[in-house]
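So for the sequence shown, my numbering puts the first residue at 28; every next one is plus one. See structure below.
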Amino acid sequence: RDKEFEECQRFYREGLTTSFIRILTDDAVKTWKLDIQLDIYNNSRYLVELCVYKIEDDSTYLLDLLAIVFNPSCKWNVFNSSEDPTSCVPGEKWEELLYARPLPDAHKHNMKVVCLVVLINRFGQLGRFDFLKKRICKGELTVHILSFLLRPFGLCSSFLTKRVRNDYIIAIVDKSIEFINSLNDDLLKKEATTDSRSETFSSIMKSLHHLCSVIPGRDDIEMFCLKIIFRLLQIPSFSGKINALNEINKIVPSMSYHPHFRTIGDEEQLTTERIAMS
28 RDKEFEECQR FYREGLTTSF IRILTDDAVK TWKLDIQLDI YNNSRYLVEL CVYKIEDDST
88 YLLDLLAIVF NPSCKWNVFN SSEDPTSCVP GEKWEELLYA RPLPDAHKHN MKVVCLVVLI
148 NRFGQLGRFD FLKKRICKGE LTVHILSFLL RPFGLCSSFL TKRVRNDYII AIVDKSIEFI
208 NSLNDDLLKK EATTDSRSET FSSIMKSLHH LCSVIPGRDD IEMFCLKIIF RLLQIPSFSG
268 KINALNEINK IVPSMSYHPH FRTIGDEEQL TTERIAMS
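Okay, here's the thing in structure tokens:
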């Protein structure tokens, strides 16, 4: 019912958002004492639980905050990346964490991100990976909402367990691609030329690219991204073409890089016909 009260929405939009962004992205995090770090962890856990209960409302403010909490590159997660798990959650054992785990080579990159792993598992233990799959695969979607639903999990995709990838992520990726491909030219044009949503397609493509990177043999995402960019380039409006070119600049750096050189024959060139047939 809080959707009916502007005061609650303002609290989500301004109070929570401003506070957590300042705390989790502050350069001063490395100077804070242990008791402050633990308070931040506990509040982050409460935020995840709030997102769990409110995810059914498609609250973009809370989903945006969830993306910050689940971002392994945010300053608080980076600073707490090498902490022992017992310093964050006493008594919790890694073998009981079924939804996320530290990276296998975490010691090489100082990216254990122990507290992040615990928070992702808390989200899963409360049944929200099940809801996320149901929401995307069976619910009514818009491009705008899909971008917010995917982003938190694209950011933390490297930490998700094999079980989560097999049970949830593959179906979510397949449905997301199917939904975007199903958009007719009018809907695509509407989404691409709306200024407030100019980042929507790049956010979806980036999130799907991250999710596919942890699914073995899932290299079709690059052709999907190119097809969407190609369709955006065909939008007659100037703003649509500019947005498409911006998408190219954003998506190319994240494409797979193959460190070898060879001559590309005419039959391998990316053409209108080849994109249409793929």
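Every residue gets a Cβ at the ideal spot worked out from N, C-alpha and C, and that includes glycine. None of these values were measured; they are calculated from a predicted model.
Label residue i either buried or exposed according to how many other C-beta atoms from any shown protein chain fall within 10 Å of its C-beta, with 16 as the threshold for buried.
i: serine 174; result: buried
i: glycine 181; result: buried
i: isoleucine 67; result: buried
i: lysine 233; result: buried
i: leucine 51; result: buried
i: tyrosine 73; result: exposed
i: phenylalanine 32; result: exposed
i: alanine 127; result: buried
i: arginine 178; result: buried
i: glutamate 218; result: buried
i: valine 116; result: Reliability fails at valine 116, whose pLDDT of 44 lies under 50, so the model's placement of it is uncertain and no value is given.
To the nearest angstrom, report how far apart residue i and residue j are at their CA atoms.
i: isoleucine 242; j: isoleucine 197; result: 7 Å
i: glutamate 12; j: lysine 202; result: The shown model of the chain, from 28 to 305, leaves out residue 12, and the question about it has no answer.
i: aspartate 246; j: glutamate 83; result: 31 Å
i: glutamine 152; j: aspartate 53; result: 29 Å
i: cysteine 183; j: phenylalanine 257; result: 28 Å
i: leucine 77; j: valine 141; result: 21 Å
i: lysine 254; j: proline 263; result: 17 Å
i: lysine 30; j: glutamine 36; result: 7 Å
i: valine 79; j: methionine 250; result: 33 Å
i: isoleucine 231; j: leucine 93; result: 16 Å
i: threonine 58; j: serine 71; result: 19 Å
i: serine 100; j: aspartate 213; result: 37 Å
i: leucine 260; j: valine 200; result: 24 Å
i: lysine 102; j: isoleucine 204; result: 32 Å
i: isoleucine 63; j: lysine 81; result: 27 Å
i: histidine 237; j: valine 56; result: 27 Å
i: phenylalanine 14; j: cysteine 164; result: Nothing can be reported for residue 14: it is not among the residues displayed for the chain, which extend from 28 to 305.
i: tyrosine 216; j: arginine 190; result: Checking the sequence shown, residue 216 turns out to be lysine, not tyrosine. Taking the straight line from one Cα to the other gives about 37 Å.
i: leucine 272; j: serine 229; result: 11 Å
i: serine 108; j: aspartate 91; result: 22 Å
i: leucine 61; j: valine 105; result: 15 Å
i: asparagine 211; j: glycine 244; result: 29 Å
i: serine 209; j: cysteine 252; result: 14 Å
i: lysine 135; j: threonine 188; result: Below a pLDDT of 50, predicted positions are generally treated as unreliable, and lysine 135, at 46, falls in that range; the measurement from the model is reported next regardless. Lysine 135 and threonine 188: Cα-Cα distance of roughly 20 Å.
i: arginine 192; j: threonine 44; result: 29 Å
So for residue i, helix, strand or coil by DSSP?
i: leucine 187; result: strand
i: tyrosine 284; result: Confidence in tyrosine 284 is poor, its pLDDT being 46 and thus under 50, which makes the residue's placement too unreliable to answer from.
i: arginine 178; result: helix
With residue i and residue j assumed to form a contact (beta carbons below 8 Å), what rounded beta-carbon distance in angstroms separates them?
i: tyrosine 88; j: arginine 40; result: 5 Å
i: phenylalanine 186; j: leucine 130; result: 7 Å
i: phenylalanine 97; j: leucine 143; result: 7 Å
i: threonine 17; j: valine 170; result: Only positions 28 to 305 of the chain appear in this structure, which leaves residue 17 out of reach.
i: leucine 312; j: asparagine 148; result: Beyond the ends of the chain as shown, which are 28 and 305, falls residue 312; an answer cannot be given.
i: tyrosine 195; j: leucine 235; result: Not confirmed; about 14 Å, so no contact.
i: aspartate 85; j: isoleucine 172; result: 5 Å
i: phenylalanine 47; j: isoleucine 95; result: 6 Å
Alpha helix (DSSP H) containing residue i: first to last residue?
i: glutamine 36; result: 33-37
i: arginine 162; result: 155-165
i: glutamate 76; result: 61-81
i: glycine 42; result: Here glycine 42 belongs to no alpha helix (DSSP H), and DSSP marks it neither H nor E.
i: alanine 94; result: 87-96
i: cysteine 239; result: 227-239
i: threonine 203; result: Contrary to the premise, residue 203 reads as serine rather than threonine in this sequence. Unbroken alpha helix (DSSP H) run through serine 203: 197-209.
i: leucine 168; result: Where leucine 168 is concerned, there is no enclosing alpha helix (DSSP H), given that its DSSP letter is neither H nor E.
i: lysine 102; result: 102-106
i: valine 145; result: 141-152
i: leucine 253; result: 248-260
Any beta carbon of chain D sitting closer than 9 Å to that of residue i?
i: leucine 93; result: No chain D is part of this structure, which consists of one protein chain only.
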